[in-house]
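Residue numbers are given in the working numbering: position 11 of the sequence shown equals residue 117, and the series is strictly consecutive. Single-structure report; data block below.
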Amino acid sequence: MARREGDLFIVDDDRCYGCAACIALCPVDALTLEELLAIVDEPTCTHCELCIPACPVHALAIVPQEQADSATSSSD
107 MARREGDLFI VDDDRCYGCA ACIALCPVDA LTLEELLAIV DEPTCTHCEL CIPACPVHAL
167 AIVPQEQADS ATSSSD
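Given below as C-alpha cells:
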C-alpha cells in the first residue's frame, strides 16, 4: 500500500514486547528496537504494511491522524 497523507504508523506499546519480527521485514529500515519496544521513524516509513501481519501480538497499525491523536490522548 502506498503512503496516504494524514495516516500514521503506530505501535501499541502495551502489546509490543520487542520480538523484532517487524524490524526484519522493513524494506526501508524505518523500525528500530529500543528497550524491547518497536519504534517507527514515521517520515521514513512508506506504509507498505509488510510488517503488520508479521506481528504476533497485533501491535502495529496504520491509522488516520485523528485516530492516532485520540488514542495517545486517552492513554495519557
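Heads up, the beta-carbon is just placed ideally off N, CA and C, and yes, glycines get one too.
Chain B contact for residue i (CB, 7 Å cutoff)
| i | result |
| --- | --- |
| Val163 | Among the protein chains of the structure shown there is no chain B, as only one such chain exists. |
Rounded C-alpha distance that separates residue i from residue j
| i | j | result |
| --- | --- | --- |
| Pro162 | Ala108 | 23 Å |
| Leu87 | Phe115 | In the structure displayed, the chain extends from 107 to 182; residue 87 sits before or after that span and is not available. |
| Asp147 | Cys132 | 11 Å |
| Ala160 | Leu139 | 15 Å |
Proximal residues to residue i (C-beta, below 6 Å), its chain only, five neighbours per side dropped
| i | result |
| --- | --- |
| Ala144 | Val117, Cys122, Cys128 and Leu137 |
| Ala167 | Ile116 |
| Thr150 | Val134 and Ala136 |
Delimiting residues of the beta strand (DSSP E) encompassing residue i
| i | result |
| --- | --- |
| Leu166 | Leu166 to Pro170 |
| Leu139 | Leu137 to Leu139 |
| Ile158 | Premise fails: Ile158 is in no beta strand (DSSP E) and is neither H nor E. |
| Val117 | Asp113 to Val117 |
DSSP three-state assignment for residue i, whether helix, strand or coil
| i | result |
| --- | --- |
| Ala144 | strand |
| Ala108 | coil |
Cβ neighbours of residue i in the same chain (closer than 7 Å, five flanking residues each side left out)
| i | result |
| --- | --- |
| Thr152 | Arg109 and Val134 |
| Val169 | Asp113, Leu114 and Ile116 |
Extent of the continuous alpha helix (DSSP H) to which residue i belongs
| i | result |
| --- | --- |
| Ala127 | Ala127 to Leu131 |
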